[in-house]
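Q:
Listed below in structure tokens is the structure:
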């Protein structure tokens with residue numbers, strides 16, 4: 006799980022565009038509507054072994070500033086991957102009926118999850134360094150690929166809760182300060198079978 010938190014932090018640090026966030030109330034993935042092209046997979050369809058394909062960034066209900074941030078993130082995808090510090094082609098996600106694990110080389114992090122196929126809402130729960138945590142996201146089927154997205158604000162909250170390393174990182178703190186109130190920015194990963 007530590008690698009997942011560092012991954013989230015690296016995503017935020019990788020954004021170098023100058024931003025000024027607008028204050029908006031905290032919302033969850035359920036507050037964002039599905040586009041006509043989106044499909045939510047069944048629980049059985051998300052189960053199995055998935056290989057990491059690419060980072061994905063979306064504006065899911067934000068304003069024009071969110072569009073600019075997402076564009077900046079997409080244009081810096083390779084830089085962000087380099088900041089993560091591991092070879093992403095080796096990342097494997099395994100999902101069974103109740104648990105999920107993510108493996109990179111010989112390191113594996115496991116946690117529980119719940120999934121609602123009618124809305125695409127997924128929630129991961131675990132314990133890292135003795136701290137219980139949870140994060141909600143959304144699962145989308147994109148032409149047979151599995152995309153798991155998280156609201157950037159919820160990633161910031163999670164990182165601050167479980168990672169002392171990120172809390173003390175000045176780049177992360179500055180970026181988190183700019184993004185913490187920005188509505189609609191979702192960051193995640195695309196996986197293929």
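Residue numbers (the working numbering): 6 to 198.
Cβ coordinates follow ideal geometry from the N, Cα and C atoms, glycine included.
Since this is a predicted model, take the numbers as computed values, not measurements.
(1) For my contact list, residue 67 and residue 189 are in at a C-beta cut-off of 8 Å; report their separation, rounded to the angstrom.
(2) With DSSP as the reference, label residue 187 as helix, strand or coil.
(3) What are the complete beta strand (DSSP E) segments, minimum 3 residues, inside the stretch 48 to 79?
(4) Comparing C-alpha positions only, which one of 147, 163, 180 sits nearest to residue 130?
(5) Sorted by chain position, which residues of the same chain lie with C-beta nearer than 7 Å to residue 198's C-beta, five sequence neighbours on each side aside?
(6) Taking residue 166 as part of the alpha helix (DSSP H), name the residues at either end of that continuous run.
(7) Can you tell which of 45, 57, 48 has its C-alpha closest to the C-alpha of residue 195?
(8) Check each candidate in 136, 103, 48, 154 and name the one with the smallest Cα separation from residue 116.
(9) When you compare each of 100, 101, 65, 59 to residue 82 by their alpha carbons, which one comes out closest?
(10) How long is the line joining the alpha carbons of residue 187 and residue 50, rounded to whole angstroms?
(11) Residues in the same chain with beta-carbon distance under 6 Å from residue 98, minus the five sequence neighbours each way, listed in chain order, please.
(12) Can you give me the Cβ contacts of residue 269 inside the same chain, cut-off strictly under 6 Å, excluding the 5 residues immediately before and after it?
(13) For the beta strand (DSSP E) containing residue 117, name the first residue and the last one.
(14) Output needed for residue 110: all residues of its chain with C-beta closer than 6 Å, excluding positions within five of it in sequence on either side, in chain order.
(15) Quick one: what does DSSP say residue 124 is sitting in, helix, strand or coil?
(16) For residue 146, name the three-state secondary structure that DSSP assigns.
(17) Using a 10 Å radius around the Cβ and a threshold of 16 neighbouring Cβ atoms, would you call residue 79 buried or exposed?
(18) Give me whichever residues DSSP pairs with residue 129 in a beta bridge.
A: Taking the definition as stated:
(1) Along the chain shown, read from residue 1 onward, the residue named residue 67 stands at position 62. Along the chain shown, read from residue 1 onward, the residue named residue 189 stands at position 184. Between residue 67 and residue 189, the beta carbon gap of about 2 Å places them in contact (Cβ cut-off 8 Å).
(2) Numbered from 1 along the chain shown, position 182 holds the residue referred to as residue 187. Shown here, residue 187 sits in coil according to DSSP, grouped into three states, outside any helix or strand.
(3) As far as the stretch 48 to 79 is concerned, its whole beta strand (DSSP E) runs of at least 3 residues are 53 to 64.
(4) What you label residue 130 is simply residue 125 of the chain shown in a count that begins at 1. Of the candidates 147, 163, 180, the residue whose Cα lies closest to the Cα of residue 130 is 163.
(5) One-based indexing of the chain shown puts residue 198 at position 193. In the same chain as residue 198, and ignoring 5 residues on each side of it, the C-beta atoms closer than 7 Å to its own belong to 53, 55, in chain order.
(6) Taking the chain shown and counting its residues from 1, the one referred to as residue 166 is at position 161. Per DSSP, the continuous alpha helix (DSSP H) segment holding residue 166 begins and ends at 157 to 167.
(7) Position 190 of the chain shown, counting from 1, holds the residue named residue 195. For the residues 45, 57, 48, the minimum Cα distance to residue 195 belongs to 57.
(8) For the purposes of this step, residue 116 is taken as residue 111 along the chain shown, with counting starting at 1. Closest by alpha carbon: 103.
(9) Locating residue 82 in the chain shown gives position 77, where the first residue counts as 1. Taking only the C-alpha atoms, the option nearest residue 82 is 59.
(10) As a working note, residue 187 is residue 182 in the chain shown. As a working note, residue 50 is residue 45 in the chain shown. It is roughly 32 Å from the alpha-carbon of residue 187 to the alpha-carbon of residue 50.
(11) Taking the chain shown and counting its residues from 1, one reaches residue 98 at position 93. Closer than 6 Å at the Cβ level, and outside the excluded window around residue 98, lie 55, 107, 196.
(12) This structure cannot speak to residue 269, because the chain is shown only from 6 to 198.
(13) As a first step, residue 117 is located in the chain shown; it is residue number 112 there, counting from the start. First-last of the beta strand (DSSP E) with residue 117: 112 to 121.
(14) Mapped onto the chain shown, residue 110 falls at position 105. Answer for residue 110: 95, listed in chain order.
(15) Along the chain shown, read from residue 1 onward, the residue named residue 124 stands at position 119. The answer is coil: DSSP assigns residue 124 none of H, G, I, E or B.
(16) Locating residue 146 in the chain shown gives position 141, counting from the first residue. Here DSSP, grouped into helix, strand and coil, assigns residue 146 to strand.
(17) Stepping through the chain shown from its first residue, residue 79 is reached at position 74. The residue in question, residue 79, is exposed, as its Cβ has fewer than 16 Cβ neighbours within 10 Å.
(18) In the chain shown, counting from the first residue as 1, residue 129 sits at position 124. Residue 129 is bridged to 118, 140.
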